[in-house]
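K.L.:
The following block contains the structure, expressed as structure tokens.
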Amino acid sequence: MSLLTRRRLLRRAALSASAAGAARTGLAGATAAGVAATTALGGCDSPPERRTDPEPDRGLRFPPNFGWGAATSAYQIEGAAKEDGRGESVWDTFSRTPGRTRNGDTGDVAADHYHRYAQDLDLMRDLGLRSYRFSISWPRIQADGSGRPNQRGLDFYRRIVDGLHERGIAPMATLFHWDLPQALQDDGGWENRDTAERFADYADAVFRALGERVPVWLTINEPKTVVQNGYLTGHHAPGHRDPAAAYLVAHHLQLAHGLAVQALRASGVPGRIGPALNLHPCYPADETAEAAAATRLHDGYENRLYLDSVFKGEYPRDVLADLGPDSRMVRGIRDGDLKIISSPVDLLAVQYYTPLYVTGSGDTIQKWPTSEAGWQQIYPEGLYDTLTRVTRDYGRVPITITENGLPCPDAPGPDGTIDDAGRVAFLRDHFAVAHRAIRDGVPLESYHVWSLMDNFEWNEGYEERWGLIYVDYPTQRRVFKRSAHWYRDVIRRNGL
-19 MSLLTRRRLL RRAALSASAA GAARTGLAGA TAAGVAATTA LGGCDSPPER RTDPEPDRGL
41 RFPPNFGWGA ATSAYQIEGA AKEDGRGESV WDTFSRTPGR TRNGDTGDVA ADHYHRYAQD
101 LDLMRDLGLR SYRFSISWPR IQADGSGRPN QRGLDFYRRI VDGLHERGIA PMATLFHWDL
161 PQALQDDGGW ENRDTAERFA DYADAVFRAL GERVPVWLTI NEPKTVVQNG YLTGHHAPGH
221 RDPAAAYLVA HHLQLAHGLA VQALRASGVP GRIGPALNLH PCYPADETAE AAAATRLHDG
281 YENRLYLDSV FKGEYPRDVL ADLGPDSRMV RGIRDGDLKI ISSPVDLLAV QYYTPLYVTG
341 SGDTIQKWPT SEAGWQQIYP EGLYDTLTRV TRDYGRVPIT ITENGLPCPD APGPDGTIDD
401 AGRVAFLRDH FAVAHRAIRD GVPLESYHVW SLMDNFEWNE GYEERWGLIY VDYPTQRRVF
461 KRSAHWYRDV IRRNGL
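Anchor point for the sequence shown: position 157 equals 137 in this note's numbering, and the numbering is continuous, going up by one each time.
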């Protein structure tokens, strides 16, 4: 990898929408016009609508049995970090290291879902969810990332799955949502090819334990975020700033995905499986040829690196050329790897939060108002472009949206209610765009709002609230926000 490429990768990561910590500093310079635009778009700073106003019926009905859902992840909600045989994860280590997270927050308790799961399942039922996307904690199943699975950990997830079925909610389980066992990190983590093999062993144990009770499996959650935030900017676990290692990690994460797909097929366990990718539509910031060329390469790193390897069995040539033949990633690709990575999948999980606008120099700029998360530009049309692009470029693979949402400055009012009008407006606009994508031929099956409840938001700790359900952390009391009541009505009438 050339010095120029190393510098370009670090700059891209620092300015990427994924690099939340780096982008947050840009909020201080937001113009008054930008703030006004946020209000006009229905962002979190918009004045609350009157709760007595009826929601107009737009007549936008989704397909029968559309999977309206919500999503969470293990480390962000479970807590119980040292109970029932759970081992330590990279996020335990990272969050307990001074200066790594806002206010020194950790996921040791989080939303205490491990002890309150039955109550939370009841809340999902009351919300009317048809699908629930959650993740399984690898260190809760294998404390050191290998060996005989921990029965107490498997039993916990079996109770979750059984409880969902009892309430008429379809389980959607993610195998890896960033909580790598620390013991594996100590042996090199995702830089070590053997970690992909260990992941396949772990996946096989989970498949055989939960079996037919889980209809949909997702392999790796947002490999791009692990690469960019964990190995380029360093503000996620494991906290490295190593461009040379970053894209070797990308390859091993993709390899782990393919090996898990093969493990499910070999187990004989029925069920559908696919990856969960956060896709950022990339647009030229201006009409110059330089911006168009830079945007194409940016899209290669943001999207095609992961999509092409899964659906075409190849990595983008422009990305490989940019990394260079001596890069650790290129040298780490072995014969047969891409055949494994492109093992046929049953669906694609898409996570959409923001667009990216790329200048001729390869930097990114802000075009739209942002949410409380300074990296997130509010642009619903980007979801339409992403969904239709996947269908156009990769065929009619079934799609599920597994994350979409935004943080709001939620706080109980004098009457104890939480009036998150901005979140309602955000979701309404994105649901409408998803409906249009379905009308235009996108095979979209389900939509999971991020997040079911407020939780530990990685390096931001508990400062950002993304949930439909408010969590009062000192008491662990749960309260439906306005958006939850609104979403329940959407689900009930299957549309807007």
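Glycine included, C-beta positions come from ideal geometry on N, C-alpha and C. Just so it is clear, the structure is predicted and the values come from calculations on it, not from any experiment.
Assuming Gly396 and Asp85 make a contact with CB atoms under 8 Å, what is their CB distance in whole Å?
P.N.:
Indexing the sequence shown from 1 puts residue 396 at position 416. Indexing the sequence shown from 1 puts residue 85 at position 105. Wrong, their Cβ atoms sit about 25 Å apart, outside the cutoff.
K.L.:
Taking only the alpha-carbon atoms, compute the straight-line gap between Arg376 and Leu367 and give it to the nearest angstrom.
P.N.:
Working through the sequence shown from its first residue, we reach residue 376 at position 396. Working through the sequence shown from its first residue, we reach residue 367 at position 387. Cα to Cα, the separation comes out at about 11 Å.
K.L.:
I want to know whether the region 70 to 77 touches the region 40 to 48 - three or more CB-CB distances under 8 Å.
P.N.:
No, the region 70 to 77 is not in contact with the region 40 to 48.
K.L.:
Below 7 Å CB to CB, which residues in the same chain sit around Gly393 once its five sequence neighbours on both sides are set aside?
P.N.:
Locating residue 393 in the sequence shown gives position 413, where the first residue counts as 1. Correct list, in chain order: Asp399.
K.L.:
Tell me, please, which residues DSSP counts as bridged to Gly475.
P.N.:
Here residue 475 corresponds to residue number 495 of the sequence shown, with the count starting at 1. Partner(s): Arg41.
K.L.:
How would you label Thr455, buried or exposed, when you count the other beta carbons within 10 angstroms and need 16 or more for buried?
P.N.:
Against the sequence shown, residue 455 aligns to sequence position 475. Exposed: under 16 other Cβ atoms inside 10 Å.
K.L.:
Quick one: what does DSSP say Ala13 is sitting in, helix, strand or coil?
P.N.:
Working through the sequence shown from its first residue, we reach residue 13 at position 33. Caution applies to Ala13, whose pLDDT of 32 falls short of 50 and renders its modelled position unreliable; the value that the coordinates give is listed next. It is helical.
K.L.:
What's the call for Pro151, buried or exposed, on a 16-neighbour Cβ count within 10 Å?
P.N.:
In the sequence shown, residue 151 corresponds to position 171, counting from 1. It counts as buried.
K.L.:
Quick check: the Cα distance between His232 and Val207, rounded to an integer number of angstroms?
P.N.:
Position 252 of the sequence shown, counted from the first residue, corresponds to residue 232. Position 227 of the sequence shown, counted from the first residue, corresponds to residue 207. Whole-angstrom Cα-Cα distance: 11 Å.
K.L.:
Using only the alpha-carbon positions, how far apart do Pro335 and Pro261 sit?
P.N.:
For the purposes of this step, residue 335 is identified with residue 355 of the sequence shown, where counting begins at 1. For the purposes of this step, residue 261 is identified with residue 281 of the sequence shown, where counting begins at 1. Cα-Cα distance, rounded: 5 Å.
K.L.:
Between which two residues does the alpha helix (DSSP H) containing Met104 stretch?
P.N.:
Residue 104 sits at position 124 when you count from the first residue of the sequence shown. That run of the alpha helix (DSSP H) goes 93 to 107.
K.L.:
The ligand ATP and Arg96: does any heavy atom of the ligand fall closer than 7 Å to the residue's C-beta?
P.N.:
Absence of the ligand ATP is noted for the structure shown, with no ligands found whatsoever.
K.L.:
Using the Cβ count rule (16 or more neighbours within 10 Å means buried), how would you classify Thr5?
P.N.:
Working through the sequence shown from its first residue, we reach residue 5 at position 25. Confidence at Thr5 is low in this model, with a pLDDT of 34, below 50, so its placement is unreliable and the value that follows should be read with caution. Thr5 should be labelled exposed.
K.L.:
What does the alpha-carbon distance come out to for the pair Ser111 and Asn474?
P.N.:
As a first step, residue 111 must be located in the sequence shown, where it is residue number 131. As a first step, residue 474 must be located in the sequence shown, where it is residue number 494. When rounded, the distance between both Cα atoms is 13 Å.
K.L.:
Under a three-way DSSP split, which group does Arg462 fall into?
P.N.:
By one-based count along the sequence shown, residue 462 stands at place 482. Of the three classes helix, strand and coil, the one that applies to Arg462 here is helix, per DSSP.
K.L.:
Mind checking which residues open and close the alpha helix (DSSP H) that includes Ile511?
P.N.:
Because the chain here runs from -19 to 476, residue 511 falls outside it and cannot be looked at.
K.L.:
Quick one: what's Ser115 bridged to in DSSP?
P.N.:
Translated into the one-based positions of the sequence shown, residue 115 becomes position 135. Its beta-bridge partners are Thr154.
K.L.:
Taking all protein chains shown into account, do 16 or more other C-beta atoms lie within 10 angstroms of the C-beta of Val268, making it buried, or fewer, making it exposed?
P.N.:
Taking the first residue of the sequence shown as 1, we reach residue 268 at position 288. Note that residue 268 is Thr in the sequence shown, not Val. Classification for Thr268: exposed.
K.L.:
Can you list, in chain order, the residues of its chain with a C-beta nearer than 7 Å to that of Asp124? Leave out the 5 residues immediately preceding and following it.
P.N.:
The residue labelled residue 124 in the question sits at position 144 within the sequence shown. For Asp124, where only same-chain residues beyond five positions count, the Cβ hits under 7 Å are Gly67, Pro161, Ala163.
K.L.:
By a C-beta neighbour count over all protein chains shown, 10 Å radius and 16 as the cutoff for buried, is Ala391 buried or exposed?
P.N.:
As a working note, residue 391 is residue 411 in the sequence shown. Exposed, since its Cβ has fewer than 16 Cβ neighbours within 10 Å.
K.L.:
Check this for me: beta carbons of Leu109 and Ile149, under 8 Å apart or not?
P.N.:
Numbered from its first residue, the sequence shown carries residue 109 at position 129. Numbered from its first residue, the sequence shown carries residue 149 at position 169. Yes, Cβ-Cβ distance for Leu109 and Ile149 is below 8 Å.
K.L.:
In or out: Asn83 buried (at least 16 other Cβ within 10 Å) or exposed?
P.N.:
The sequence position of residue 83 within the sequence shown is 103, counting from 1. By the neighbour-count rule (16 or more Cβ atoms within 10 Å), Asn83 is not buried but exposed.
K.L.:
Shortest alpha-carbon distance to Asp420 belongs to which of Phe179, Val370, Ser341, Arg408?
P.N.:
Here residue 420 refers to the residue found at position 440 when the sequence shown is read from its first residue. Closest option to Asp420, Cα to Cα, is Val370.
K.L.:
Please confirm whether Ala225 and Phe179 have their CB atoms less than 8 Å apart.
P.N.:
Translated into positions along the sequence shown, residue 225 becomes position 245. Translated into positions along the sequence shown, residue 179 becomes position 199. It is not a contact, given that the beta carbons lie outside the stated cut-off.
K.L.:
Only counting the same chain, and skipping five residues up and downstream in sequence, which positions put a Cβ closer than 7 Å to that of Ala272?
P.N.:
Locating residue 272 in the sequence shown gives position 292, counting from the first residue. Cβ within range, chain order: Pro264.
K.L.:
Assign Ala51 to one of three DSSP states: helix, strand, or coil.
P.N.:
Your numbering for residue 51 matches position 71 in the sequence shown. If DSSP states are grouped into helix, strand and coil, Ala51 belongs with the strands.
K.L.:
In three-state DSSP terms, what is Asn439?
P.N.:
If you number the sequence shown from 1, residue 439 lands on position 459. Helix, per DSSP.
K.L.:
So is Phe319 buried or exposed if we call it buried at 16+ other beta carbons inside 10 Å?
P.N.:
Working through the sequence shown from its first residue, we reach residue 319 at position 339. Looking at the sequence itself, residue 319 is Lys, so the reference to Phe does not match. Exposed, since its Cβ has fewer than 16 Cβ neighbours within 10 Å.
K.L.:
Could you compute how far the alpha carbon of Asp469 sits from the alpha carbon of Glu352?
P.N.:
Position 489 of the sequence shown, counted from the first residue, corresponds to residue 469. Position 372 of the sequence shown, counted from the first residue, corresponds to residue 352. Straight-line Cα distance between these residues: approximately 26 Å.
K.L.:
Relative to the C-alpha of Asp102, which candidate in Pro129, Leu144, Cys388, Gln122 has its C-alpha closest?
P.N.:
The sequence position of residue 102 within the sequence shown is 122, counting from 1. Cα-wise, what sits closest to Asp102 is Leu144.
K.L.:
Near Ala189, which residues of its chain fall below 6 Å by C-beta distance, leaving aside the five closest residues on each side in sequence?
P.N.:
If you number the sequence shown from 1, residue 189 lands on position 209. Leu134, listed in sequence order.
K.L.:
Is the beta carbon of Gln122 sitting closer than 8 Å to the one on Tyr182?
P.N.:
Here residue 122 refers to the residue found at position 142 when the sequence shown is read from its first residue. Here residue 182 refers to the residue found at position 202 when the sequence shown is read from its first residue. Yes. Within cutoff.
K.L.:
From which residue to which residue does the alpha helix (DSSP H) around Asp298 run?
P.N.:
Against the sequence shown, residue 298 aligns to sequence position 318. That run of the alpha helix (DSSP H) goes 297 to 303.
K.L.:
Run through DSSP, which three-state label would Arg30 get?
P.N.:
Stepping through the sequence shown from its first residue, residue 30 is reached at position 50. Summary for Arg30: the model assigns pLDDT 37, below 50, so the residue's position carries little reliability; its value from the coordinates is reported in the next sentence. Coil.
K.L.:
May I ask you to report which of helix, strand or coil DSSP gives Pro378?
P.N.:
As a first step, residue 378 must be located in the sequence shown, where it is residue number 398. Looking at Pro378 - three-state DSSP - the assignment turns out to be coil, as it is neither helix nor strand.
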